[in-house]
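Peer 1: Before I ask anything, here is the structure I am working with.
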Amino acid sequence: MFRPTALIPIFDHGSTIASVVEPLRSLGLPCRIVDDGSAASTKEQLEALRRRFDDTQVWTLERNGGKGAALRVGFERVAEQGFTHAVVLDADGQHDVGDVPRFLRAAERHPTALILGSPVFGDDAPAARLYGRKISQVWVHIETLSRAIDDPLCGFRCYPVRETLHVFRTQGFGARMDFDPEIAVRLAWSGSQMLNVRTRVQYPRGGLSHFRMGRDNLAISWMHTKLVLEMLTRIPSLFARRRPLRLEEQA
Numbered sequence: 007m008f009r010p011t012a013l014i015p016i017f018d019h020g021s022t023i024a025s026v027v028e029p030l031r032s033l034g035l036p037c038r039i040v041d042d043g044s045a046a047s048t049k050e051q052l053e054a055l056r057r058r059f060d061d062t063q064v065w066t067l068e069r070n071g072g073k074g075a076a077l078r079v080g081f082e083r084v085a086e087q088g089f090t091h092a093v094v095l096d097a098d099g100q101h102d103v104g105d106v107p108r109f110l111r112a113a114e115r116h117p118t119a120l121i122l123g124s125p126v127f128g129d130d131a132p133a134a135r136l137y138g139r140k141i142s143q144v145w146v147h148i149e150t151l152s153r154a155i156d157d158p159l160c161g162f163r164c165y166p167v168r169e170t171l172h173v174f175r176t177q178g179f180g181a182r183m184d185f186d187p188e189i190a191v192r193l194a195w196s197g198s199q200m201l202n203v204r205t206r207v208q209y210p211r212g213g214l215s216h217f218r219m220g221r222d223n224l225a226i227s228w229m230h231t232k233l234v235l236e237m238l239t240r241i242p243s244l245f246a247r248r249r250p251l252r253l254e255e256q257a
């Protein structure tokens with residue numbers, strides 16, 4: 007059985023969420039939105055979307071806990087509803103919803119794999135963000151002893167729900183900007199294969215970013231330190247893999 011849904015964490019992106027949900031619903035994909043403590047204006051937009059589109063649900067958290075915390079709640083609930091896969095996108099309109107069918111086709115062919123967005127950036131991409139991604143990429147290649155993950159920070163992904171929940175329930179996680187690289191590494195360690203799908207990423211002018219240079223860079227650095235230390239204890243099992251970690255199939 008293959009039963010996917012969209013799973014979107016949101017914090018104060020009320021002005022852009024409709025542009026994400028509308029094309030998803032036109033594809034016939036159910037939408038599940040986790041409101042991570044947004045302000046009243048975003049809650050109003052979410053309520054309007056819930057009334058406007060069938061098979062769209064909003065789950066509200068009282069306080070902002072970060073992307074990782076919101077997705078933990080989201081994965082538990084989509085599993086309860088019987089979904090097998092969750093396409094996760096940002097609520098700010100950065101990701102190309104038109105590529106969702108390619109992610110879904112790849113996930114259906116490889117149901118236990120993590121389908122990762124491999125970004126194609128335009129001239130609007132901030133130089134500091136590109137540099138930070140390259141640094142994180144190097145660390146993730148060390149942590150997995152492979153080049154299986156093209157971009158550890160891209161939030162556009164299709165997750166296998168059962169495998170992801172197993173990792174959530176058995177291991178600790180960062181709750182904010184450190185979540186995306188950590189869950190990818192831990193899924194790789196747990197045996198999920200990685201399939202990278204090239205997709206355009208844009209940075210809308212005047213867009214709201216929740217990235218905090220000092221706080222989030224420190225959290226990401228600490229996360230990589232922990233993962234490298236843990237990787238050292240996993241070296242025998244990483245070298246003993248019976249199948250390639252990276253899937254090369256064109257999605």
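Residue numbers are given in the working numbering: position 26 of the sequence shown equals residue 32, and the series is strictly consecutive. Glycine included, each C-beta is placed from N, C-alpha and C at the ideal position.
Spell out a yes or no on whether the stretch 34-52 and the stretch 134-144 are touching, meaning 3 or more CB-CB pairs, one atom from each, closer than 8 Å.
Peer 2: Contact between the stretch 34-52 and the stretch 134-144 is absent, because fewer than three Cβ pairs lie under 8 Å.
Peer 1: Secondary structure at R204, three-state DSSP: helix, strand or coil?
Peer 2: It is a strand residue.
Peer 1: Suppose contacts are defined by Cβ-Cβ distances below 9 Å. Is V207 in contact with C160 by that definition?
Peer 2: Cβ distance < 9 Å, so V207 and C160 count as in contact.
Peer 1: Which first and last residues belong to the alpha helix (DSSP H) in which D186 is found?
Peer 2: Segment 185-196, the alpha helix (DSSP H) holding D186.
Peer 1: I believe L120 touches L171 by the beta-carbon criterion, under 8 Å. Please report the beta-carbon distance rounded to the nearest angstrom.
Peer 2: Contact doesn't hold; Cβ gap of about 13 Å is too wide.
Peer 1: So, at 6 Å on beta carbons, what are the nonlocal neighbours of A181 in its own chain, with the 5 sequence-adjacent residues on each side left out?
Peer 2: Contacts found: G71, G72, G74, A75.
Peer 1: Spatial neighbours of V26 within its chain, please: CB distance less than 7 Å, with the 5 preceding and 5 following residues excluded, ordered by chain position.
Peer 2: Excluding positions up to five away in sequence, the list reads I14, L95, A97, G99, V103.
Peer 1: Would P166 and M229 be called neighbours here (beta carbons separated by less than 9 Å)?
Peer 2: No; because the gap between Cβ atoms is not below 9 Å, this pair is not in contact.
Peer 1: So, for Q63: in the same chain, excluding its five sequence neighbours on each side, which residues have a beta-carbon less than 6 Å away from its beta-carbon?
Peer 2: Closer than 6 Å at the Cβ level, and outside the excluded window around Q63, lie R38.
Peer 1: Is the beta carbon of W65 sitting closer than 9 Å to the one on R78?
Peer 2: In this structure, R78 does not lie closer than 9 Å to W65 by Cβ.
Peer 1: Mind checking whether T22 and G123 have CB atoms under 9 Å apart?
Peer 2: No. Outside cutoff.
Peer 1: Would a C-beta distance cut-off of 9 Å place M200 and A154 closer than the cut-off?
Peer 2: Yes; because the gap between Cβ atoms is below 9 Å, this pair is in contact.
Peer 1: If you reduce the DSSP assignment to three classes, tell me which class Y209 lands in.
Peer 2: Coil.
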